[in-house]
Amino acid sequence: MLIYNWLTAFGRYIILMGRTFAIPERLRMFWKQYIKEMAQLGVDSIGIVLLISFFIGAVICIQMKLNIESPWMPRWVAGYTTREIMLLEFSSSIMCLILAGKVGSNIASEIGTMRVTQQIDALDIMGVNSACYLILPKVIGMITIMPFLVIFSSVMGILGAYATAYIGHIMPPDDLTAGLQHSFQAWFMWMSIIKSLFFAFIISSVPAYFGYTVEGGSVEVGKASTDAVVTSSVLILFSDVFLTQLLS
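Shown next, in the form of structure tokens:
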């Protein structure tokens, strides 16, 4: 029965995405909504991304320095591991998990409220493709802004590591710089951005599905918002395993 429910939900999700990715009826209106969603979902998230990345970069640097320090290891190892962790996992996967809670709940509650207040039904009655009108700008806007959030996260994490070097005197800044520059591969940055594009689609489309298909009242909207965040987080973790294996 559980598998049947999952397959039913997946089928409804595919059908909804088929309606979503249609040619917008009014390109001018779509462009306006696209800019609005980029600002609301992406630009408004820059603050929390920078704050979390700064402190995570600092903590990773401290942990690496204090726990793997050994006479047998080069002094730049802490900087090297900090860079690898920030590029390969935190700035893409873990940051997207955090955004799934902030952005995903916002999308699910917004569309869910429109569903229970019959605003979506009104759009359908007027002949408007409500799925395309409501969901497509969110999906495209999130995919557009996510690579910039990943880059900002990586840069801020490295700045956090430098803050520990200069202010906390955990390690000499020259050793940190040597570690950050050691065996740098530009592909790791591209891999992080590519992964974030898939995660951005999950973060925007899955909560939109839960909000669009909600039935009931305000209590069901809250439950749909919770289910959207949980499902998005699980899908991000699953897809992270396959994308890492595929891109490595």
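Be aware that the sequence shown starts at 11, since it is given in our numbering, and climbs by one per residue. We put the beta carbon where it would ideally sit given N, CA and C, even for glycine. Quick caveat: nothing in here was measured; it's all calculated off a predicted structure.
(request) Give the single residue among Leu146, Glu225 and Val239 whose Cα lies nearest to the Cα of Met27. (result) Per the Cα distances, Leu146.
(message) Measuring only the C-alpha atoms, how far is Met152 from Ser55?
(response) Approximately 11 Å, taken between the alpha carbons.
(request) Taking Gly189 as the reference, give the member of Asn139, Ile177, Gly178 and Ala171 with the closest Cα. (result) Ala171
(request) Determine the DSSP secondary structure at Glu35, reduced to helix, strand or coil. (result) coil
(request) Mark Tyr14 as exposed unless 16 or more other C-beta atoms lie within 10 angstroms of its C-beta, in which case mark it buried. (result) exposed
(message) For Asn116 and Ile108, what's the separation of their Cα atoms in angstroms?
(response) 13 Å
(request) Would you mind stating whether Ser206 and Ser102 have Cβ atoms separated by less than 9 Å? (result) yes
(message) Tell me the DSSP secondary structure of Trp86 in three-state form.
(response) coil
(message) Shorter than 8 Å, the distance from the beta carbon of Met11 to the closest heavy atom of the ligand FAD, or not?
(response) For the structure depicted, the ligand FAD is absent and the ligand set is empty, with no information on it obtainable.
(request) Please confirm whether Phe31 and Ile66 have their CB atoms less than 9 Å apart. (result) In this structure, Ile66 does not lie closer than 9 Å to Phe31 by Cβ.
(message) I need the boundaries of the alpha helix (DSSP H) containing Phe100, first residue and last residue.
(response) Segment: none, Phe100 is in no alpha helix (DSSP H) and carries neither H nor E.
(message) Judging by CA-CA distance, which residue of Ala238, Asp134 and Gly114 is the nearest neighbour of Lys148?
(response) Gly114
(message) Using only the alpha-carbon positions, how far apart do Tyr222 and Arg125 sit?
(response) 6 Å
(message) Quick check on the burial criterion: 16 or more other C-beta atoms within 10 angstroms. Buried or exposed for Gly57?
(response) exposed
(request) Would you tell me roughly how many angstroms separate the C-alpha atoms of Leu144 and Ile121, rounded to the nearest one? (result) 8 Å
(request) Please determine, among Leu253, Ser249 and Ala49, the residue with the shortest C-alpha to C-alpha distance to Ile150. (result) Ala49
(message) Within 10 Å of its beta-carbon, does Leu12 have 16 or more other beta-carbons around it, so buried, or fewer, so exposed?
(response) exposed
(message) Comparing C-alpha positions only, which one of Asp237, Trp86, Trp16 and Val165 sits nearest to Ala218?
(response) Comparing alpha-carbon positions, the option among Asp237, Trp86, Trp16 and Val165 lying closest to Ala218 turns out to be Asp237.
(message) Can you look up Thr127 in the DSSP assignment and give me helix, strand or coil?
(response) Secondary structure at Thr127: coil, using DSSP grouped into helix, strand and coil.
(request) Counting only the same chain and skipping the five closest in sequence on each side, list residues whose C-beta sits under 7 Å from that of Phe198. (result) Leu97 and Leu98
(message) Among the candidates Gly232, Thr187, Phe248 and Ala173, whose CA atom is the shortest distance from the CA of Phe208?
(response) Phe248
(request) Ignoring anything shorter than 4 residues or poking outside the stretch 37-64, list the alpha helix (DSSP H) runs there in chain order. (result) 37-47
(message) Taking 7 Å as the limit between beta carbons, can you name the residues of its chain near Thr154, skipping five residues before and five after?
(response) Met48
(message) Taking the straight line between their C-alpha atoms, what separation do you get for Ile24 and Gly226?
(response) 23 Å
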